[in-house]
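Notes follow once the structure below has been shown.
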Amino acid sequence: MRAEIRVNGIVQGVGFRPFIYRLATAHALKGYVLNLGDAGVEVVVEGEREEIKKFIENIEAKKPPLARIDSIDVEWKKNEGLKTFEIKKSSNVKGREISIIPPDIGICDDCIREMTDPKNRRYNYFFTTCTNCGPRYTVIKKLPYDRQNTTMDEFPMCDDCREEYTNPADRRYHAQTVACETCGPQVYLIDKHGDEVASGREAIWKAGELLMDKKIIAIKGNGGFHISCSAFYPDVIKRLREALGRMQKPFAVMAGNIDDVKRIAYLSREEEEMIESYIKPIVVLKKRKEMEGVAPALHNVGVMLPYTGLHVMLFQKCSHPLVMTSANMPGMPIIYRNEEAMEKLKGKVDYFLLYNRKIAHRCDDSVIRFVGNKPAFIRRSRGYVPVPVRLPFDTGNVLAFGAELNVTSCIMSAGRAFLSPYIGNTEKFDTLQFLEQETKHLLGLTGVKADAIAHDAHPHFSTTKMAKKFAEEYGIPAIPVQHHHAHIASVMGEHGVEEAIGIAIDGVGYGEDGTIWGGEVLHCSFADYRRVGHLQKQRMIGGDLATLYPLRMVASMLYEKDGLKEFLYNNEEAFPHGKKEIDIVLKQAENGKGIITTSCGRTLDAVAALLGICIRRTYEGEPAMKLESHAAGGKSYGIKPEIEWGDISVLSTSHLMNYLWENRNRDSKNLAFSAEEYMAEGLAEIAVDYAKREHIKAVCISGGCAYNEHIVGTIKKKVESSNMKFLRNERVPAGDGGISLGQAIVADAKMK
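First residue of the sequence shown? That's 746 in the numbering used here, and the numbers climb one at a time after it.
In structure tokens form, the structure reads like this:
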């Protein structure tokens, strides 16, 4: 008999063809295997029918560890008398199913062993990879995933590498990034004047020594550049902050091994498993050791382990953890080209550690934080993209563009959602271009032809304009989706829940009434929503200025209080124009000026400013993040939520701020804890009350404030004690990095 088999899923770039070759040989079958132009694999085998059936069963049962099989389609035909089994040249043929290449994979233990073995020919070669590890998404230019379609096409294999590549018994059989010191990419250390200091292994070791000698170095990774310095030298960290204009934003840290991680942070079993996984993401951990200047005024720090051979070699000379922060200016995409790095980082770093292989696609580090012992994505990028999020229901074909900050795009088709790498702030033209490039690349990889395009309801977002441009180009509808409906729909979609009460808590989202929403309780289906509760309306005096200078929110909410002017005068440095500005702000508050908002983020900012925790925002989410850290370990003063009940119930934030003002001389840690609890209990009370009345069984939470462990835990306890399901984002970010998924789900439902 002859079986023609089509396998779809993650089956290219994971050693699948060599696996099929060995499996077919073990079953004494003849035929061939080849890659297809849609990232799927075609297998043809001839032999006894029963033996072929066992072979097909073993494809699923014994597949390579990094492979994921979505479907196996078989057609039975007459034997044609094939004599051997071989791996054939790839085909550009595309099928009906969607397959996808794997994400970048952290260096495996086998490759590390080879790199550290003096007898191995890859001893201390920085670009050591195999079938089970190395870059994938960041090297591919087009499908099928073959060497000539990647940025390794400029490096012809030497005889030794070709022998491995063509030997079915070798771990590097058909590994597209196979290379060695003789034929592969080379690494160089360049000083700030553009002169070469060292090359090869000496370049990496010299860089390690320089980092220990208080130097700042731009280091090329798989998906872009990091800027690195010692995490133990505060004066160097300060110099780096001044160069990048990031005076307070927390830096990620890379530790050489898990023991070094444990010296600087506390690790749960789940966190340890995550940080050591083949993905090697940044995991946000509770600090054990304070590294001055790394994550100022926060109780936690982002830590990762080496995920390339270059990193492994760097730590042969580095005796303690390194700052590893993305090389970009605020709001701009990560730098990924050598020339760009040397131009844009000139005067900001002392050295450049470069290699001569191109990066096809930027991909920033993924960031995960455990909330309630479950992982929560802060950023879903390297190690995850472009693996689709599988939805528990079928869908149409929709392209979604996200909101404006922390943007990702999403291509949804047949119950699978393909999210782009982390893009960033699309207010910046370069970042908007990056969004367009990556979206088109993902459309090319998936082969999806969208029937609709989803975008945020805000009429002036750059992503809204881009969505309309794409819609016009493709001749399909552009569908606006309310920001917080999209947040909740992303949770509902992940869990397959068609109706829920949603608590959407974030900083900014365009409301249907033209005001700024951000503390919302919504009754949601996929296609529609109704607002059933929110935080009290307050005014943002000066609009966006209130996000940068949160004492403006304090002035707006407490302008009638005796002593407020004196309090603000005592914090004059938080206002660029000093007392004159304070007088104007108070006058505007008295006259009811300013943009109306129900934002949870702005309320938490106001609390942080009033308590003196953060009076000036220098990065997104800073006041609320510092408030959470300050509140850690605090106790509740039991401020009872004040709710105005009605068709749309309102939680009073003035009541909270008045309490904090009257009690501002009490323990600020306990006040911070009590404020978070007030917000959580009040929103949960509105959500649970409505859910009970409408007999709804699930309450969802999403939005940028849904990373606050105290707030999330308090809401979860209230919901579950009422015998309801508590659901949150588990596979996409709760912040705006996951909103494109929700947009796609809503638009699809509206189309239907």
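A virtual CB, placed ideally from N, CA and C, is assigned to each residue, including glycine.
Counting only runs of 4+ residues, the alpha helix (DSSP H) found wholly inside the segment 1200-1228 occupies 1207-1219, in chain order. G1346 places its beta carbon less than 8 angstroms from that of D1251.
Here DSSP, grouped into helix, strand and coil, assigns H1230 to helix.
Cβ contact annotation for E1021 (same chain, cutoff 7 angstroms, sequence separation greater than five): I1003 and L1050, in chain order.
When only Cα atoms are considered, V1477 and R858 end up about 34 angstroms apart. Here the C-alpha atom of H1455 lies approximately 8 angstroms from the C-alpha atom of F1418.
Here DSSP, grouped into helix, strand and coil, assigns R1135 to strand.
Shown here for T1176: same chain residues with a beta carbon closer than 8 angstroms to its own, the five before and five after excluded, namely G1076, M1077, P1078, V1152, I1168, G1169 and N1170 in chain order. Taking 8 angstroms as the upper bound for CB-CB distance, D1196 and M1496 are in contact here, some 7 angstroms apart. Considering only K1173, T1191 and F1138, the residue with the shortest C-alpha distance to L1164 is T1191. One Cα belongs to E1367, the other to G1357, and the distance between them is close to 13 angstroms.
Per DSSP, reduced to three states, the secondary structure at E1088 is helical. Between the alpha carbons of K1173 and I1080 lies a distance of about 14 angstroms.
The beta carbon of F977 is closer than 8 angstroms to those of M1036, H1065 and P1066 in its chain, skipping five residues each way along the sequence.
Apart from the 5 residues on each side of it in sequence, G776 sits with its Cβ closer than 6 angstroms to the Cβ of V789, V790, E791, L827 and F830 in its chain, given in chain order. For T1343, same chain residues with a beta-carbon under 8 angstroms away, outside a window of 5 residues either side, are G1256, T1260, I1261, W1262, G1263, G1264, E1265, H1279, L1280, Q1281, K1282 and Q1283 in chain order.
Q1283: member of the beta strand (DSSP E) spanning Q1283 to M1285, first to last residue. Taking C-beta atoms as the reference points, V1029 and V1068 fail to come closer than 8 angstroms.
Distance from the CA of R1107 to the CA of P1166, rounded to the nearest whole angstrom, comes to 8 angstroms. The Cβ-Cβ distance between R1127 and D915 does not fall below 8 angstroms. C925 has its alpha-carbon roughly 44 angstroms from the corresponding atom of S1235.
L888 is the residue among P979, L888 and K1371 whose C-alpha sits nearest the C-alpha of S836. Contact check for Q1488 and A1145: beta-carbon distance about 4 angstroms, within the 8 angstroms limit, so the pair qualifies. Here Q893 is exposed. Its C-beta has fewer than 16 other C-beta atoms within 10 Å.
Each of L1267, R991 and F1060 was checked against the Cα of G1001, and the nearest Cα belongs to F1060. Restricting attention to beta strand (DSSP E) runs no shorter than 3 residues, the segment 894-978 encloses them at 932-936, 941-944, 962-965 and 970-975, ordered along the chain. Cβ contact annotation for R767 (same chain, cutoff 7 angstroms, sequence separation greater than five): P913, in chain order.
Spatial neighbours of A1334 in its own chain (CB-CB distance under 8 angstroms, excluding positions within 5 residues in sequence) are listed in chain order as R1284, I1286, A1300, S1301 and Y1304. For the pair of segments examined, the segment 893-907 was found not to touch the segment 794-803: the number of CB pairs separated by less than 8 angstroms stays below three. Residue R1124 holds the alpha-carbon nearest to the alpha-carbon of G1449 among A920, V752 and R1124. For F1174, the enclosing alpha helix (DSSP H) has its first and last residue at F1174 to T1191. Proximity to A1436 across R1276, G1323 and S1374 peaks at R1276, based on C-alpha coordinates. By the C-beta density criterion, P1131 is buried, having at least 16 other C-beta atoms within 10 angstroms. Here H1440 carries a coil assignment [DSSP, helix/strand/coil].
DSSP places G1487 outside any beta strand (DSSP E); the residue lies instead in the alpha helix (DSSP H), whose first and last residues are I1484 to M1496. Just so you know, the alpha carbons of V1057 and K1332 end up roughly 59 angstroms apart.
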